[in-house]
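Written below as structure tokens is the structure these notes are about.
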Amino acid sequence: MKVMEYDRDRYDRMKRTVWLDMDRVHRSRVLVAGAGALGNEAVKNLVLAGFRHLVVADMDRIVPSNLSRCLFFRPEDCNGPYKAEVVARRAQELDPQAAVTAVCMPVQQLESWDYDIMIGCLDNIRARLFLNSRAKYYGVPYIDGATDGFRGKVQTVLDRGPCLECLMNRTHQRELDRRFSCTGSGEAVPYEAPTPADITTTAAVAAVQVREALKLASGRSDLCMRGVMYYDGLAGTADVLTAEVDRSCPNHDLRGIR
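Just so you know, we're using this note's numbering here: the sequence shown kicks off at 10 and counts up by one.
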């Protein structure tokens, strides 16, 4: 089979989307918080989409129940290296030009916030709210994702508009310290019983997160979702619901609500 000249360009098909700026995508610095099922899919999509400067943060190790949803993990990885280490090492195999760095600690212990985009693939509300607050403080776009069985949601937090905390209620406050992991562990924060998890939901939610990241990296935040996307895999629906800034939210400037 003859290879056409345009097929020699790894990103030829992406460049055919007129608003995608692959040069900016290549240069963008992205933090992925969480290297479980959602983090595996997000990092895979990011690297294949051309993002070359990634930091993956996760404090957990791999266990057998991860293997049904995490393409970077192998049976020999169980009870061995940290999730972030394995994801970083194997993600670079997808694109040798990518630099993927592992940080094996809770997101609350990160010291640098020098990123262009933050992506949340976390399993507890406290960590997600922390990442949300850091993103708002440093003016970095934050793309939050969550799954529960065949359901999931994505919210893109921008400079203007509601943040994650704006949509929290009393129920969320009671759940702050519970980890709704699909795996279960005794590290750092006590887990509840493992929650339902499905690779198709994880793949769908991570795909939306990375699509939002492509918009942001290309300077097209105007194309980003302005509300919260709720995905229902059983019904086969994905709806974006409107959301408003909470005037009492501590992450917003009360002198000029945005």
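By construction, the Cβ of each residue, glycine as well, lies at the ideal position given by its N, Cα and C atoms.
A quick note: this is a predicted structure, and the numbers were derived from the prediction, not measured.
Burial state of L218, where buried means 16 or more other Cβ atoms lie within 10 Å: Correcting the residue identity first, residue 218 is Gln in this sequence and not Leu. With 16 or more other Cβ atoms from the protein chains shown falling within 10 Å of its own Cβ, Q218 counts as buried.
Range covered by the beta strand (DSSP E) that runs through K162: R160 to V166 is the extent of the beta strand (DSSP E) around K162.
CB contact flag (F159, L47, <8 angstroms): In this structure, F159 lies away from L47, with their beta-carbon atoms at least 8 angstroms apart.
M85 classed as buried or exposed, judged by whether at least 16 other C-beta atoms fall within 10 angstroms: Here the sequence assigns Glu to residue 85, which means Met is not the residue at that position. When all chains shown are included, E85 counts as exposed.
In chain order, each alpha helix (DSSP H) run of at least 4 residues that lies wholly inside the stretch 57 to 122: Counting only runs of at least 4 residues, the stretch 57 to 122 fully encloses the following alpha helix (DSSP H) elements, listed from N- to C-terminal order: 92 to 103.
Assigned exposure category for Y147 - 16 Cβ within 10 Å defines buried: Exposed: under 16 other Cβ atoms inside 10 Å.
Unbroken stretches of the alpha helix (DSSP H), 4 residues or longer, contained in the stretch 203 to 244: Secondary structure within the stretch 203 to 244: the alpha helix (DSSP H) runs of 4 or more consecutive residues, fully enclosed, are 208 to 226 (chain order).
Cut-off 6 angstroms between Cβ atoms - residues of its own chain near Y239, not counting five sequence neighbours on either side: Result list for Y239: K162 and D248, in chain order.
Whole-angstrom distance between C87 and P73, CA atom to CA atom: Rounded to the nearest whole angstrom, the C-alpha separation of P73 and C87 is 6 angstroms.
L40 to S142 span [Cα, whole Å]: Each residue's alpha carbon lies about 15 angstroms from the other.
Given L250 as reference, the closest of R235, L57, E120 and K224 once Cα atoms are compared: Ranking R235, L57, E120 and K224 by Cα distance to L250 puts R235 first.
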